[in-house]
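Residue numbers (this note's numbering): 5 to 173.
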């Protein structure tokens, strides 16, 4: 698989580019053609605050047409060290715990998916960032693709490419 890291100053368009590739914004010109399923994790973790982490994952999989069994959900929670708070409503979780739940959704999608990640390390402590790097490395080793907007090192064992967006001023 291949990773592309989007870099550039705030306001340079990294998040906008990810949203266009994800199909959440229309491009100003041209078209985005991507045959792989696209999984987008933005700045907002997009969790239903009254629902448990486990229910959030189940709901997300169902809404996206993925057949996620309870065992599959449990494995994704375990991979992101989120099993210990899987049954707590999202509103009671810390920023880092909510982020780990959001990232666990990636494991419920198909292995050939294009992961579009907007500042995926945001809110994560050191151990959770290491888990994220491992998650990304496994996805890439399995033939998946990642485009990530980041200011921090991400999946450093995979060379990939950096796309630097210009300062908007």
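Note that CB positions come from ideal geometry on N, CA and C, so glycine has one too.
In the structure shown, residue 8 adopts extended strand secondary structure according to DSSP, grouped into three states. Per DSSP, residue 42 is not a residue of any alpha helix (DSSP H); the beta strand (DSSP E) it occupies stretches across 42-45. In the DSSP annotation of this structure, the continuous segment of the alpha helix (DSSP H) that includes residue 25 starts and ends at 18-26. Residue environment analysis places residue 124 among the buried positions, since at least 16 neighbouring C-beta atoms fall within 10 angstroms of its C-beta.
Inter-residue distance for residue 130 and residue 78 is about 23 Å (C-alpha atoms, whole angstroms). In this structure, 89 is the residue among 89, 39 and 33 with its C-alpha nearest to the C-alpha of residue 56. In this structure, residue 72 sits away from residue 44, with a CB-CB distance that is not shorter than 8 Å.
With contact defined as three or more Cβ pairs closer than 8 Å, the segment 16-36 and the segment 150-161 are in contact. Of all alpha-carbon atoms in 58, 110 and 128, the one lying nearest the alpha-carbon of residue 140 is that of 110.
DSSP places residue 121 within a strand segment (E or B) once states are collapsed to three. Excluding sequence positions up to five before and after residue 12, its CB lies within less than 8 Å of the CB of 18, 168, 169, 170 and 171, all in the same chain and listed in chain order. A contact is defined here as three or more CB-CB pairs under 8 Å, and the segment 23-38 fails this definition with respect to the segment 48-63. Per DSSP, reduced to three states, the secondary structure at residue 106 is helical.
Here the C-alpha atom of residue 40 lies approximately 6 Å from the C-alpha atom of residue 118.
Taking 8 Å as the cut-off, the Cβ atoms of residue 144 and residue 162 count as close. Contact between residue 104 and residue 84 holds, since their C-beta atoms are separated by about 4 Å, short of 8 Å.
Looking at the DSSP output, residue 56 bridges to 93.
Cβ-Cβ distances below 6 Å link residue 76 to nothing in the same chain once the five nearest sequence neighbours on each side are left out.
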